[in-house]
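Encoded as structure tokens, the structure appears first; notes follow it.
Residue numbers (the numbering used here): 148 to 259.
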């Protein structure tokens, strides 16, 4: 049986969550790292919070409190896509900063 050694760097490139973690930890304190670290988890939890607020609004008998919960659940559902887009955009910016610069292009045409 042949065993192959896989470096840690290669494993990071394959795992999406590990790659995002490395990108965010690589630039602490920047607005892009904060946007990615806040936007992605908040965008994932907004529908869960909205669903919980909706179920709570259904079970509450007081109409005024129920309507407030319905409004909060709608706001939570509305913020899902913008937060995910913000997190993905910030993660793209972090990935763009971490890529090595492209090699210089060589011009093959000569000017007279």
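The beta-carbon is built from N, C-alpha and C at its ideal position, and this holds for glycine as well.
On a predicted model such as this, the values are computed, not experimentally measured, just so you know.
Starting from residue 209, trace the alpha helix (DSSP H) both ways and give me its first and last residue.
Where residue 209 is concerned, there is no enclosing alpha helix (DSSP H), given that its DSSP letter is neither H nor E.
Range of the contiguous alpha helix (DSSP H) that encloses residue 227
227–245
With the cut-off set at 9 Å, would you say residue 183 and residue 234 are in Cβ contact?
yes
Proximity test, residue 197 beta-carbon vs the ligand FMN heavy atom, cut-off 8 Å:
No copy of the ligand FMN occurs in the structure displayed, which carries no ligand at all.
Specify whether the segment 168–186 and the segment 220–235 touch according to this definition: at least 3 beta carbon pairs, one from each stretch, less than 8 Å apart.
yes
Any contact of the segment 164–177 with the segment 200–220, i.e. 3+ C-beta pairs under 8 Å?
no
Integer Cβ distance of residue 216 from residue 204, believed to fall under 8 Å
4 Å
Cutoff 6 Å; reference residue 239; Cβ partners in own chain excluding five residues on either side:
none
Measuring only the C-alpha atoms, how far is residue 181 from residue 170?
11 Å
From residue 241 to residue 207, what distance separates their C-alpha atoms?
44 Å
Where does residue 176 land, buried or exposed, given buried means 16+ other C-beta within 10 angstroms?
exposed
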